[in-house]
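In the numbering used here, the protein residues as written are 4 to 143.
Everything on this sheet refers to the single structure shown next.
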């Protein structure tokens with residue numbers, strides 16, 4: 004099922020595009036577009052599942068892909084102080100219909116390009132919150 008919703012944001016030339024990715028996701032993936040209809044943010048990538056939400060900012064230092072090389076599986080984020088953090092990218096969207104999966108895949112690969120500065124919304128899961136999974140990405 005594909006659902007599209009657009010609305011203008013006050014003071015910005017941006018719109019939200021909402022696409023239902025799968026029945027397992029509580030809310031549909033949302034894309035925020037800017038001038039030229041370019042994607043500048045993606046949110047609602049994974050359900051919360053009892054994890055603690057947090058925010059991170061930094062520069063994408065490295066990208067990792069799954070075994071087939073088709074889907075982004077993680078990134079290394081370089082923080083302002085020079086330290087690096089591994090953050091997982093859940094590919095739950097890969098099981099969605101082809102159009103939705105391609106839209107999410109393309110947006111993530113564009114927003115998470117090596118060298119790009121990003122603001123990430125992450126869920127800290129596992130023992131002591133050491134497993135980080137991206138639930139939103141915004142270019143800064």
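Here a beta-carbon is modelled for each residue, glycine too, at the ideal position from N, C-alpha and C.
ask   = Taking the alpha-carbon positions, what's the residue 35 to residue 131 distance?
value = 32 Å
Which residue marks the beginning of the alpha helix (DSSP H) containing residue 105, and which one marks its end?
101 to 114
What three-state label does DSSP hand residue 30 in the structure shown?
coil
Review point. In whole angstroms, what separates the C-alpha of residue 92 from that of residue 42?
Key: Those two C-alpha atoms are separated by around 18 Å.
### Task
Buried or exposed for residue 31, please, with buried defined as at least 16 other CB atoms from any protein chain shown within 10 angstroms of its CB.
buried
For the beta strand (DSSP E) that contains residue 127, what are its first and last residues? 120 to 128
Let's see if you can read the secondary structure: which residues bound the beta strand (DSSP E) around residue 75? 75 to 81
Next on the checklist: Between the alpha carbons of residue 144 and residue 135, how many angstroms are there, rounded?
Outcome noted: Past the boundaries of the shown model lies residue 144; the chain is included only from 4 to 143, so the question cannot be answered.
Open item on the list: Starting from residue 67, trace the beta strand (DSSP E) in both directions and tell me its first and last residue.
Closed with: 55 to 68
Is it buried or exposed, residue 133, if we count other Cβ atoms within 10 angstroms and call 16 or more buried? exposed
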